[in-house]
Structure formats: structure tokens, C-alpha cells
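Protein sequence lines, in the order shown, are assigned to chains A and B.
Following the working numbering, the numbering of the first sequence begins with 36 at its first residue and continues without gaps.
Following the working numbering, the numbering of the second sequence begins with 245 at its first residue and continues without gaps.
Think of the CB as a built atom: it goes at the ideal place given N, C-alpha and C, for glycine as much as any other residue.
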Amino acid sequence: MIRLPDRIVLSFGVAGALGLVVSLALAQEPPPQERRSGFEFMSRESQALQQDDTSNPGMLWVAEGETLWNAKAGQSGRSCADCHGDAAVSMKGVAARYPVYFEEQKRPIDLQGRINMCRAVKQQATPFPYESRELLALAAFIGKQSRGMPITTGDDQRLQPFYAQGKELYERRMGQLNFSCANCHDDNWGRRLASSVIPQAHPTGYPLYRLEWQDMGSLQRRFRNCMVGVRAEPYPFGAPEYVNLELFLMTRARGMPLETPAIRP
Amino acid sequence: MARALINVPPKAKRGEIIEIKALISHPMETGYRTGPDGALVPRDIINRFLCTYNGEEIFSADLFPAVAANPFFSFTTVATESGRLAFRWVDDKGQAHLETAEIIVE
């Protein structure tokens with residue numbers, strides 16, 4: 036596969052603009068019985084890659100995450116395992132309920148943010164930069180402990196205003212192409228942007244290994260990718276807007292099984 | 245150098261065809277990309293992969309810059325006797341990564 040910078044999606048944007056002007060349908064999310072994971076839109080070969088742990092490259096990050104889980108870090112000299120013990124027990128179901136509301140911060144925090152919070156406060160270590168190998172590895176390792184479990188995000192009533200903001204962002208038109216997320220993922224899922232099938236935007240497998248990236252990436256990287264695609268200015272990594280959008284999408288995907296580490300084309 | 249995942253069936257019948265899988269993490273930098281400063285990023289790829297079964301070569305490959313990051317190999321061999329499969333990846337820096345797996349043939 037040829038390496039392409041993220042910006043190559045610009046060319047998809049033009050094709051998308053031509054394809055989408057014919058669609059006059061109003062934004063309406065798919066009813067629960069029609070919800071489909073991005074997995075179902077992939078080729079059989081890509082599905083096989085995800086389903087076999089010895090061929091899934093995401094497992095390389097999971098293995099690295101396990102090492103980091105047990106490695107002592109920071110001034111505290113403690114590892115994740117020193118407090119949390121066996122991740123297979125303590126982290127089971129955790130990734131399936133994030134983002135979670137935190138009283139101290141008065142806002143929801145995503146799993147990556149939570150990992151860095153633990154690192155800064157409990158381990159007294161430098162937080163990992165966004166999209167760093169370490170942060171993706173730990174998030175993938177923790178995510179894998181919930182693989183196959185249904186997503187349960189959004190139970191907390193205090194999340195309501197942030198969910199509403201995420202929904203508003205999802206439906207807001209932006210960028211030079213003036214598209215909202217919903218214009219593609221609600222109105223035109225199953226159709227194509229150039230050669231790529233448009234999925235329904237259920238973030239069921241993050242962090243995931245994207246064949247186009249030839250790398251592991253977070254949901255925030257995916258958001259930025261889409262925003263650059265519609266020629267909007269992306270928010271910086273870690274922006275609360277991304278967490279609100281993730282909260283909205285994860286709540287919308289409630290009940291769907293978590294697939295971390297997933298493969299996507 | 246890297247982290248690798250290998251999959252060899254732990255047990256096999258004599259004469260059985262077994263599938264072997266080997267996945268390694270490596271950036272496979274092509275040498276054709278430019279960095280933020282506009283200068284070429286130096287090539288760094290795994291250029292050789294070799295698998296031996298009790299010392300005898302059963303599979304090898306030369307790799308080139310068009311191969312994607314984190315190369316994955318899947319191949320078959322005939323289970324002849326119990327012993328050790330050894331895997332060796334060598335990159336442009338001359339670093340080698342070794343993995344081994346035991347197999348019991350009955």
C-alpha cells in the first residue's frame with residue numbers, strides 16, 4: 036500500500052460534494068435494528084484480519100500496552116498494575132462505558148484522557164502525547180479487556196448537556212464543503228465516497244488499526260481526518276469538542292459490541 | 245528492534261501441512277517520503293525474512309519499499325519432526341529480530 040498523507044481525503048471531498056448534492060433527505064440516524072458496525076462494510080479479507088489475533092496488527096499495540104501496564108513509571112515508582120491489579124478483571128467493561136463524567140473536572144473525560152490523568156496524578160509521570168505509541172498501546176490494551184461487551188456509555192444524567200453539545204456538533208455544517216457529519220453518516224451510509232463505503236459512524240473499535248494509515252489511531256485522529264476532508268479547521272488533539280462528539284457517538288452506539296483493536300480500511 | 249507475534253501450532257501429526265503466521269511491528273519507511281522539513285526521510289525497511297525448521301530453511305523472502313508497515317507473512321510447511329522453528333527479520337540498519345517456537349510432531 037502506498038503511503039498517503041491524511042490530506043489526501045481532500046480529493047474524496049470533491050467527489051463527495053458531487054455525490055451528496057442529489058441527497059435532500061433530512062438528517063436522521065439509523066433506527067436500532069439497522070445499526071451496523073463499520074466491520075460489516077469491510078471486505079471479507081479485512082474482516083478476517085481483524086478476527087484472527089495472530090494476524091491483527093492491532094495486537095502488536097495490545098502486547099505493548101500490557102508491558103506498559105506492568106512497567107513502573109514516574110516519581111511514585113508505581114505501575115498501573117500496582118493499583119489496578121490484573122487488567123483482565125479490573126478493566127473489564129471499562130472502555131465500553133467511556134467517556135465518563137468526572138465531578139472534579141465538571142466534564143466528561145475519554146479513556147485516553149483518563150489514562151493520562153492517572154499518569155499525571157497517581158504515577159506523577161509526564162502524560163503521554165496524543166497519538167503517541169504508548170498512549171495508543173495502553174488504550175488498546177485496556178480496550179481489549181472489554182472486547183465483545185456491549186457499549187454502555189451515557190448512563191449518567193450529568194452527561195446530558197455534553198451529549199447535546201456533541202449531537203449539535205455532529206449535525207453542524209462546517210468547512211468549505213459545508214457538510215455535517217450527519218450529511219454523510221446518517222443520510223448516505225452504505226453509499227460511496229469515491230471508492231470508500233460510508234459507514235454509520237459507530238466508534239466501536241477504537242483505538243484501531245487503519246490500513247490507510249498503516250498505523251494505530253485514536254477516534255480523535257479519525258475526527259480530524261473527516262474535518263480536513265470537508266475542509267474545516269480541525270480542533271487540536273484533546274479538545275473537549277472531540278470528547279463531546281465521542282460521547283454522543285458512543286451513546287448512539289449503546290448495545291453494540293466493542294471490537295477493540297479493530298481493523299478498518 | 246521490534247515486537248513480533250508468531251503463530252505455530254504447538255502439536256501436529258507427522259506429514260500434516262501446518263500454517264505458520266508471523267507479524268512484526270516495523271515502520272517500513274520507504275525512503276521516498278519527505279518529513280516536515282522537506283528533506284527525505286531515510287529508508288528503513290526490513291529487507292529480509294527467514295524461517296528455519298530445525299536449522300533447515302523452509303521459507304525466506306526479500307522485502308522492498310512497497311511493502312506496507314508491520315509486514316505479515318503466512319505460509320505452510322509439512323510437519324516432519326518435533327523441534328524448533330526460528331524466525332529472523334533483518335532491517336536496513338542491520339538489526340535482526342529473532343523469535344522461536346517449539347512444535348511437537350506425533
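For residue i, three-class secondary structure by DSSP
i	result
phenylalanine 317(B)	strand
tryptophan 96(A)	helix
glycine 189(A)	coil
proline 292(A)	strand
serine 181(A)	coil
alanine 122(A)	helix
lysine 202(A)	helix
glutamate 268(A)	coil
valine 156(A)	helix
leucine 284(B)	strand
methionine 285(A)	helix
glutamate 260(B)	coil
proline 143(A)	strand
threonine 278(B)	strand
Opposing strand residues paired with residue i [DSSP bridges]
i	result
glutamate 346(B)	Arg328(B)
alanine 266(B)	Ile250(B) and Phe317(B)
serine 304(B)	Leu294(B)
aspartate 335(B)	Ile290(B)
alanine 108(A)	Arg113(A)
glycine 252(A)	Leu243(A)
serine 231(A)	Leu228(A)
isoleucine 298(A)	Tyr244(A)
lysine 255(B)	Ile348(B)
tyrosine 136(A)	Pro143(A)
Of the residues the options, the one placed nearest residue i, counting alpha carbons only
i	options	result
methionine 285(A)	Thr239(A), Arg266(A) and Glu294(A)	Thr239(A)
isoleucine 298(A)	Met126(A), Leu194(A), Leu254(A) and Gln192(A)	Leu254(A)
phenylalanine 308(B)	Arg287(B), His341(B), Thr278(B) and Thr321(B)	Arg287(B)
valine 124(A)	Phe74(A), Ile150(A), Ile177(A) and Pro275(A)	Ile177(A)
tyrosine 241(A)	Glu101(A), Glu75(A), Thr295(A) and Tyr133(A)	Thr295(A)
glutamate 305(A)	Leu173(A), Leu246(A), Val232(A) and Leu171(A)	Nothing in the structure corresponds to residue 305(A), since chain A is present only between 36 and 300.
serine 230(A)	Met77(A), Glu64(A) and Glu139(A)	Met77(A)
arginine 328(B)	Glu300(B), Phe316(B), Val285(B) and Gly259(B)	Glu300(B)
Close Cβ partners of residue i (< 8 Å) along its chain, the five nearest in sequence each way excluded
i	result
serine 304(B)	Arg292, Phe293, Leu294 and Cys295
methionine 291(A)	Arg70, Ser72, Pro185, Ile186, His237 and Thr239
lysine 202(A)	Phe283
isoleucine 262(B)	Val252, Pro253, Ala256, Thr320, Thr321, Val322, Ala323 and Ile347
Neighbourhood of residue i by C-beta, 7 Å cutoff - its chain only, sequence neighbours within 5 removed
i	result
leucine 84(A)	Ser90, Asn91 and Ile298
glutamate 169(A)	Leu103 and Phe163
glutamine 158(A)	Ala108, Gly109, Ser111 and Arg113
Cβ neighbours of residue i in the same chain (closer than 6 Å, five flanking residues each side left out)
i	result
methionine 262(A)	Pro269
glycine 210(A)	Val265, Arg266 and Ala267
phenylalanine 137(A)	Ile144
alanine 155(A)	Pro162
arginine 132(A)	Thr187 and Thr188
Nearest-angstrom Cβ-Cβ length linking residue i and residue j, presumed shorter than 8 Å
i	j	result
serine 114(A)	asparagine 105(A)	5 Å
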